[in-house]
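So the sequence lines, in the order shown, correspond to chains A and B.
Counting with our numbering, you get residues 9 to 347 for the letters of the first sequence.
Counting with our numbering, you get residues 9 to 347 for the letters of the second sequence.
Protein chains: 2
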Amino acid sequence: MGPNVDRRPPVMADVARLAGVSHQTVSRVLNDHPNVRAETRTRVMRAIDQLGYRRNLVARALVTKHSRTLGVVSFDTTLYGPASTVYGIEQAARDAGYFVSIVSLRTIDRAGVNDAIGYLAEQGVDGIVVVAPQRSAARALDDLPAGMPAVAVEGWHQGDVSVVSVDQVEGARLATSHLLELGHETVWHISGPADWLEAEGRIDGWRAVLTAAGRPVPGMLTGDWSPRSGYRAGKELAAMAGDVTAVFVANDQMALGLLRAFTEEGVKVPEQISIVGFDDIPESEFFSPPLTTIRQDFGAVGRRSIDVLLRQIESGEGLPHERLVVPPQFVLRGSTAAR
Amino acid sequence: MGPNVDRRPPVMADVARLAGVSHQTVSRVLNDHPNVRAETRTRVMRAIDQLGYRRNLVARALVTKHSRTLGVVSFDTTLYGPASTVYGIEQAARDAGYFVSIVSLRTIDRAGVNDAIGYLAEQGVDGIVVVAPQRSAARALDDLPAGMPAVAVEGWHQGDVSVVSVDQVEGARLATSHLLELGHETVWHISGPADWLEAEGRIDGWRAVLTAAGRPVPGMLTGDWSPRSGYRAGKELAAMAGDVTAVFVANDQMALGLLRAFTEEGVKVPEQISIVGFDDIPESEFFSPPLTTIRQDFGAVGRRSIDVLLRQIESGEGLPHERLVVPPQFVLRGSTAAR
DNA sequence: CCGGTTTCTGTTAGCGTTAACATCACGGGA
DNA sequence: TCCCGTGATGTTAACGCTAACAGAAACCGG
């Protein structure tokens with residue numbers, strides 16, 4: 009059927025020939041250049057979908073030096089937090105007309121993050137978002153390729169890179185004060201793993217409220233974010249019987265483990281012990297009892313980070329680095345009660 | 009400091025000049041071409057990291073016609089299932105030396121999936137994985153760009169595209185038979201939403217076991233995968249008092265909602281009603297009681313789909329389309345008991 | 001009806017890489 | 001000694017697109 013029997017996909021020149029114009033005119037039509045006669049435009053358009061032509065963005069990127077692709081480096085996108093953040097990033101990027109190329113690290117360390125950034129740079133991304141919740145990962149941002157726009161999410165700030173994050177310290181404050189206001193003498197804390205910035209922020213907020221109120225700061229248990237580690241901590245706490253009346257757990261999954269351990273040990277929540285979690289995962293509302301927790305708006309974090317990044321890209325570098333903080337939100341449910 | 013004070017990143021020609029060779033030789037070194045003298049190779053290498061040169065993969069893709077990038081189209085990567093699948097895909101792809109470009113759809117319909125595929129095709133991906141758990145989305149695969157390697161995950165098979173999925177029917181069989189073996193007269197089912205292929209498969213397996221055993225097939229309740237919808241179903245079921253003794257719930261999140269509703273209504277699990285879930289999310293083990301469920305190995309699904317896709321890409325089309333099924337696994341915990 | 005805009009379209013020259021072919025030096029067998 | 005194969009390198013021409021400039025056609029006021 010006609011001249012188009014060969015396998016090779018059509019290129020601009022083919023469209024041009026069919027429409028009886030130059031390839032440049034086709035380019036103009038595709039890029040909404042104003043100076044094209046309406047009739048010419050429709051003729052080109054007709055040729056385009058007659059041939060099923062799609063423009064080759066690789067060739068375009070080569071000459072414009074913009075790929076309209078953003079790189080995202082993240083850690084274990086199986087977890088609710090990272091997954092939601094990346095989702096927010098992807099949505100915001102696509103709304104702005106950008107593609108998203110993802111590198112999801114198994115283990116997160118400086119070298120791994122650096123490699124990932126390197127790959128993305130070779131691939132020609134216009135900017136990079138690094139979801140770097142760990143100290144070691146955050147440090148990798150110090151040696152970004154020169155002139156590469158970048159944003160750190162939940163990252164640590166010191167160098168010259170913008171950071172968007174939820175105010176962890178404030179979240180921990182909300183949780184701890186709530187428990188004190190209910191009349192508890194002090195609040196125990198099950199923290200996240202050591203190297204994590206979020207874990208540190210939550211510890212800081214918890215400790216700050218306690219000392220400001222002149223309360224004793226109990227020894228702290230450390231988990232790894234998993235329900236299982238919360239379960240182990242719960243067993244330990246349950247053994248301490250009446251000493252413990254209130255616990256602030258660094259995330260909802262560990263809180264679930266705690267709840268389970270308490271159920272097994274016959275400890276009643278919230279009658280004997282009150283619990284506050286962190287994150288507000290979709291399940292929390294249906295725990296037994298429903299979990300009082302601190303909500304993080306991961307979607308907002310993702311969107312804001314793209315805002316910051318695009319502003320950097322489109323203004324052609326030179327912008328001062330920003331530090332954007334998304335406020336956490338207290339969510340009252342059934343796992344806390346007055347002492 | 010020397011000639012390299014300008015901002016423009018170095019290109020192959022710069023490296024060539026510094027090493028005193030032609031740009032083609034630099035290309036040869038970079039591509040591990042055998043015919044390069046060892047001494048020349050090291051000279052080039054030295055020049056490369058002296059200049060901090062990185063090769064421009066966009067230019068490379070333009071001439072080779074291979075971007076070494078794979079496209080992934082998915083739906084709500086906030087959910088554990090899709091998130092885990094995409095994670096598996098990304099890991100497998102990177103191990104094979106491919107990048108992954110993701111489009112995560114808010115709502116999934118034929119037009120949306122088609123657009124996404126179109127964008128990815130323009131961007132020059134070498135192949136596409138579509139996580140298409142809905143009938144409507146699966147149909148979009150019928151009009152893939154000609155010659156574009158593709159794989160559907162959890163998709164529907166009829167046209168000429170390979171499919172990788174967990175055997176939903178078998179999973180539902182395992183769940184239902186387990187409950188019958190415990191002596192329950194029949195098994196109720198809370199299904200997933202109508203258009204979803206996974207929901208359909210689970211209904212089929214459930215119904216098949218029931219009719220094969222000559223048991224009555226109770227009316228079916230339908231949820232939307234969310235804990236809340238499970239909660240609503242749980243309230244309904246609780247109202248039916250002694251009639252219901254066993255429930256197979258189409259996913260773990262809804263099972264959690266069910267558990268919560270039963271707790272509120274004073275229905276004891278597993279004493280009065282046994283429950284089996286589906287997915288085995290990390291939380292299930294710590295529900296009260298720990299949930300008996302059917303595990304889906306999402307990571308394996310992701311990896312297998314990349315296997316299939318790469319085989320297609322690297323053999324230069326023409327391969328027969330495959331249908332790969334990953335077996336589900338029964339996980340016995342505490343939410344089921346003998347009648 | 002003429003010079004000077006303005007609008008439309010075409011021509012040419014890259015972007016940075018790899019493919020294909022050309023060249024050159026070297027070594028070994030006839 | 002000559003010739004030819006082989007290995008190492010260089011030269012040239014794409015890849016498909018946009019930018020920059022050039023030219024033609026249409027328009028306008030004096």
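Every residue gets a Cβ at the ideal spot worked out from N, C-alpha and C, and that includes glycine.
Note that the structure is predicted; figures quoted are calculated from it, not measured.
- [ ] List the residues of chain A whose Cβ lies closer than 9 Å to the Cβ of R347/B, in chain order.
- [x] Correct list: empty, because the minimum Cβ distance to chain A is about 24 Å.
Task: Buried versus exposed, by CB contacts within 10 Å (16 or more), T72/B - done: T72/B should be labelled exposed.
Task: Beta-carbon neighbours of A69/A, restricted to chain B and to distances below 7 Å - done: Near A69/A (Cβ distances below 7 Å), the residues of chain B are V66.
Task: Beta carbon proximity, F107/B to chain A, threshold 8 Å - done: For F107/B, the answer is yes, since a Cβ of chain A falls inside 8 Å of its Cβ.
- [ ] From the DSSP output, in three-state form, read off R143/B for me.
- [x] Reduced to three states, the DSSP call for R143/B is helix.
Open item on the list: Less than 8 Å between CB atoms is the rule here; does A91/A satisfy it with respect to chain B?
Closed with: So, interface residue.
Open item on the list: Applying the 10 Å Cβ sphere with the 16-neighbour rule, what's the burial state of M262/B?
Closed with: Taking a 10 Å sphere around the C-beta of M262/B, we find 16 or more other C-beta atoms and assign the residue as buried.
TODO: State buried or exposed for G10/A, treating a residue as buried only when at least 16 other CB atoms are found within 10 Å of its CB.
DONE: With a pLDDT of only 36 at G10/A, under 50, the local geometry of the prediction cannot be trusted, and the value read off the model is given with reservation. Its Cβ having fewer than 16 others within 10 Å, G10/A is exposed.
Task: At least 3 beta-carbon pairs within less than 8 Å: the segment 56-64 of chain A vs the segment 52-62 of chain B - done: With fewer than three CB-CB distances shorter than 8 Å, the segment 56-64 of chain A does not count as touching the segment 52-62 of chain B.
Task: Status (buried if at least 16 other CB within 10 Å, exposed otherwise) for G274/A - done: Residue environment analysis places G274/A among the exposed positions, since fewer than 16 neighbouring C-beta atoms fall within 10 angstroms of its C-beta.
Task: Chain-ordered chain B contacts of I110/A [CB-CB under 9 Å] - done: Going along chain B in sequence order, the residues near I110/A (Cβ under 9 Å) are V80, V94, E98, F107, V108, S109 and I110.
TODO: Starting from the C-beta of D150/A, find all residues in its chain whose C-beta is less than 8 Å away, skip the five residues before and the five after it, and write them out in chain order.
DONE: Cβ neighbours of D150/A beyond the five flanking positions: G167.
TODO: Measure the alpha-carbon distance for V195/B versus L229/B and round it to whole angstroms.
DONE: Going by the C-alpha atoms only, they are around 12 Å apart.
Open item on the list: Within 10 Å of its beta-carbon, does N39/A have 16 or more other beta-carbons around it, so buried, or fewer, so exposed?
Closed with: Residue environment analysis places N39/A among the exposed positions, since fewer than 16 neighbouring C-beta atoms fall within 10 angstroms of its C-beta.
Open item on the list: Helix, strand or coil, according to DSSP, for M9/A in the structure here?
Closed with: Here M9/A scores only 37 on pLDDT, less than 50, and its place in the model is too uncertain to base an answer on.
Open item on the list: Taking 7 Å as the cut-off, is the C-beta of A146/B nearer than that to any heavy atom in the ligand MG?
Closed with: Inclusion of the ligand MG in the displayed structure is not the case, the ligand content being empty and no account of it being possible.
Task: Assumed close pair T184/A, I283/A - CB separation to whole angstroms, cut-off 8 Å - done: Not really, about 12 Å apart at Cβ, beyond 8 Å.
Open item on the list: Please identify, using Cβ separations under 8 Å, the residues of the segment 260-277 of chain B that lie next to chain A, in order along the chain.
Closed with: Hits within the stretch, in order: Q261, L264, G265, L267, R268 and T271.
Open item on the list: By the three-class DSSP mapping on this structure, what secondary structure does A345/B have?
Closed with: Coil.
Task: Contacting positions in the segment 293-310 of chain B - beta carbon closer than 8 Å to chain A - done: From the segment 293-310 of chain B, only E293, F294, F295, S296 and P298 have a Cβ closer than 8 Å to chain A.
Open item on the list: As a quick exercise: from N43/B, V80/B, V333/B and T219/B, pick the residue whose alpha carbon is nearest that of D123/B.
Closed with: Ranking N43/B, V80/B, V333/B and T219/B by Cα distance to D123/B puts V80/B first.
Open item on the list: Can you tell me whether T85/A is buried or exposed? The criterion is at least 16 other CB atoms within 10 Å of its CB, across all chains shown.
Closed with: Per the 10 Å Cβ criterion, buried.
Open item on the list: Considering just the uninterrupted stretch of the beta strand (DSSP E) at G197/B, what are its terminal residues?
Closed with: Strictly speaking, residue 197/B in this sequence is His, with Gly absent from that position. Element bounds for H197/B: W196 to S199.
- [ ] Just mark M20/A as buried or exposed, buried being the case when its beta carbon has 16 or more other beta carbons within 10 Å.
- [x] Buried, by the Cβ-count rule.
Open item on the list: Distance check for Q131/B and R118/B, CA to CA, integer angstroms please.
Closed with: Distance between the alpha carbons of R118/B and Q131/B: 20 Å.
- [ ] Specify whether the segment 202-214 of chain A and the segment 23-35 of chain B touch according to this definition: at least 3 beta carbon pairs, one from each stretch, less than 8 Å apart.
- [x] Here the segment 202-214 of chain A makes no contact with the segment 23-35 of chain B; the two share fewer than three CB pairs at distances below 8 Å.
TODO: Note down, in chain order, each residue of its chain lying with its Cβ closer than 8 Å to the Cβ of R16/A, except the 5 sequence neighbours on either side.
DONE: Correct list: empty, nothing qualifies.
Open item on the list: Using a Cβ-Cβ cutoff of less than 7 Å, which residues in the same chain neighbour P90/B once the five nearest sequence positions on both sides are dropped?
Closed with: Around P90/B: S82, F83, D84 and V139.
Task: Option in W233/A, R49/A and V133/A with minimal Cα separation from A27/A - done: Ranked by how close their Cα comes to the Cα of A27/A, the residues W233/A, R49/A and V133/A have R49/A in first place.
TODO: Can you give me the start and stop residues for the beta strand (DSSP E) that G274/A sits inside?
DONE: Where G274/A is concerned, there is no enclosing beta strand (DSSP E), given that its DSSP letter is neither H nor E.
Task: Pick from I321/A, L65/A, G285/A and L113/A that is closest to P141/A, judged by C-alpha positions - done: Measuring C-alpha to C-alpha distances from P141/A to each of I321/A, L65/A, G285/A and L113/A identifies L113/A as the nearest.
Task: Contact check, I321/B vs G96/B, beta carbons under 8 Å - done: No, they are not a contact pair.
Open item on the list: Along the chain, where does the alpha helix (DSSP H) containing L65/B start, and where does it finish?
Closed with: For L65/B, the enclosing alpha helix (DSSP H) starts and ends at L65 to T72.
TODO: May I ask which residues mark the beginning and end of the beta strand (DSSP E) holding G79/A?
DONE: T77 to F83 is the span of the beta strand (DSSP E), which, as asked, contains G79/A.
Open item on the list: What does DSSP give as the partner residue(s) for T230/B in the beta ladder?
Closed with: T230/B is bridged to S199/B.
Task: Identity of the residues DSSP links to F338/A by a beta bridge - done: Bridge partners of F338/A: I302/A.
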